[in-house]
Structure formats: C-alpha cells, structure tokens
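Read through the structure below, which is laid out as structure tokens, and then see the notes.
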Amino acid sequence: MEQRNLRKERIGIVMGDKMQKSITVAVRTKMKHPKYGKFITETKKYIAHDEEDTCKMGDKVKIAETRPLSKRKKWRLVEIIERAK
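Going by my numbering, the first residue of the sequence shown is number 1, and it counts up by one from there.
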C-alpha cells in the first residue's frame, strides 16, 4: 500500500464565510523576535474548502492541507472545534 506524507494542520478562527463552499480562516502564531527577544503575534489568512457551508464567522476550526482546489484554495475544513457564541 502506498504511504502518504503527513498533511499540515492549522487551528484558527473563521473570519469570512460569504463565499460559496469556502471560508477565510485566520491563524495566529506567537514567535520570538530573533534579535530583540520580544514575542510577536503573527496572523496569516488561509482560504479553505467547506463542502457543506456549515461554518459561520467566529467559529474555531481545524483545517488541513490538500491538493490545489483553485488559485488560492489549498486547504480544507477538517472539523469545527467550537461554535461562535
């Protein structure tokens, strides 16, 4: 049986759900500045595929890397961790 490589996974907050079958997910990471040592929060946005259109703004979700589905969409929704209040 053929072995697959591990796919990258990220956890983030849904920032936009206006597209059909797509969501915008903001992933925040904390990193230490190499020179000054201060912790910096970096935010990166990913466009992810949401087949059933179940996500709403503010949901905490897990996304995984996949083959390119369109020009900017290379991630897919794995699960909804927490619904928005």
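All residues carry an ideal CB built from backbone N, CA and C; glycine is no exception.
1. Report the three-state DSSP secondary structure of HIS33 (helix, strand or coil).
2. Decide yes or no for the touch test of the region 46-62 against the region 29-38: beta carbon pairs closer than 8 angstroms, at least 3 of them.
3. So for SER22, helix, strand or coil by DSSP?
4. The beta strand (DSSP E) that contains GLY12, what's its start and end?
5. I'd like to confirm the pairing. Which residues does DSSP put opposite GLU42 in its beta bridges?
6. Considering Cα atoms alone, identify which of THR24, ARG72, THR66 is closest to ASP53.
To lay it out plainly:
1. Here residue 33 refers to the residue found at position 33 when the sequence shown is read from its first residue. Looking at HIS33 - three-state DSSP - the assignment turns out to be coil, as it is neither helix nor strand.
2. No contact exists between the region 46-62 and the region 29-38.
3. For this step, residue 22 is matched to residue 22 along the sequence shown. Three-state DSSP puts SER22 in a strand.
4. To locate residue 12, count along the sequence shown from 1; it is residue 12. Unbroken beta strand (DSSP E) run through GLY12: 9-16.
5. In the sequence shown, counting from the first residue as 1, residue 42 sits at position 42. Beta bridge pairing from DSSP links GLU42 with THR29.
6. Against the sequence shown, residue 53 aligns to sequence position 53. Taking each of THR24, ARG72, THR66 in turn and checking the Cα distance to ASP53, the smallest one comes out for THR24.
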